[in-house]
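Take a look at the structure set out below.
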Amino acid sequence: MPVNKVIFLQQDELNFNNLDIAVFISQKLQKKLVLYLVDIPQEQKEKATHILSSKNVDFEIKSQLEFDEATEEIETEKPDLLILTQEKISPLEHIFRISTSEKLIKKLENLDIVMLKEDEKSIDKILINIDKESSTPYYIKSTHLFARKLGVEFKLITSFYESFYENRLRKTHPDEEAKQLVAELFKEHVDTVKRKIAEALKGEEAELIVIKGDPKKEIPYYARTHGYNLLIINENIDDRESYIENSETSVGIFKDKE
1 MPVNKVIFLQ QDELNFNNLD IAVFISQKLQ KKLVLYLVDI PQEQKEKATH
51 ILSSKNVDFE IKSQLEFDEA TEEIETEKPD LLILTQEKIS PLEHIFRIST
101 SEKLIKKLEN LDIVMLKEDE KSIDKILINI DKESSTPYYI KSTHLFARKL
151 GVEFKLITSF YESFYENRLR KTHPDEEAKQ LVAELFKEHV DTVKRKIAEA
201 LKGEEAELIV IKGDPKKEIP YYARTHGYNL LIINENIDDR ESYIENSETS
251 VGIFKDKE
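Note that the sequence shown ends on residue 258 in our numbering; no numbers are left out.
And the structure:
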């Protein structure tokens, strides 16, 4: 059954830029916005209440929660979407520890999540990654619908890891033969992804961008350099953490099955 609820989780300090995005998303999706506020100062709670009331938002604030209690409630309730802030840590610090938001998404399963950068003020351009091996029809359909409901610019993207196949094939095949085999693999990759999209969307239009290179590096790089402020990946993609670590945009992790 539909939950009709978007949860916006905040700890220690409420990010009002991100709150504006949560309001925008919940209104576009026509869902109730529930703020889970853990150890947030009283004046920030009051400010949030004033902002939400002035925008005529259907909202609720839950603030008498410990972080573990909030996490357990989210696991139980399975909201339509969880939105949280991804705190900024330096690349060097990231080697030794992961952020609280990253710890949380490791724990949560089968849930659509949007992790917003601390300085993110709007979502107006979305890039949806389609992984040849792991993206499911449900994921493709749900992310396409999500972007359409927001009414923002969006495109699909896939990346073929050309150098990986070239290096492997050259160990066992002459160069020209290896190149030909890689070209055939590239065509098979694109055809498979296009077929997945067509089956999931059943004739609905969606532009597909095809690039080459290590997907977990090249796709986050493409998102950053082409002005996208949200990159969406599927929950069960291989090496999911690397996509998140390599991204300099906000990241959505959407489930692969209902």
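Heads up, the beta-carbon is just placed ideally off N, CA and C, and yes, glycines get one too.
Cβ contact annotation for Pro-220 (same chain, cutoff 8 Å, sequence separation greater than five): Leu-231, Tyr-243, Asn-246, Ser-247, Glu-248, Thr-249, in chain order. The residues Ile-157, Ile-219, Ile-233, in chain order, have a CB closer than 6 Å to that of Asn-129 in the same chain once the five nearest residues on each side in sequence are set aside. Relative to the Cα of Ser-142, the nearest Cα in the group Leu-111, Glu-162, Lys-125 belongs to Leu-111. Put simply, the backbone Cα of Gln-44 is about 23 Å away from that of Ile-89. According to DSSP, Leu-84 shares a beta bridge with Leu-9, Met-115.
DSSP, read as helix, strand or coil, puts Val-251 in strand. At a Cβ-Cβ threshold of 9 Å, Gln-11 and Leu-35 do not count as neighbours. The beta carbon of Asn-56 lies closer than 7 Å to none in the same chain, with the five residues before and after it left out. Here the C-alpha atom of Tyr-138 lies approximately 34 Å from the C-alpha atom of Gln-180.
Counting along the chain, no alpha helix (DSSP H) covers Val-152, and no H or E run does either.
Of the residues assessed, Gln-30 falls on the exposed side of the cut-off, its CB having fewer than 16 other CB atoms within 10 angstroms. Note: Ile-74 is not bridge-paired with any residue in the DSSP secondary-structure output. Phe-67 is bridged by DSSP to nothing; it lacks a bridge partner. The C-alpha of Ile-25 is placed about 11 Å away from the C-alpha of Val-152.
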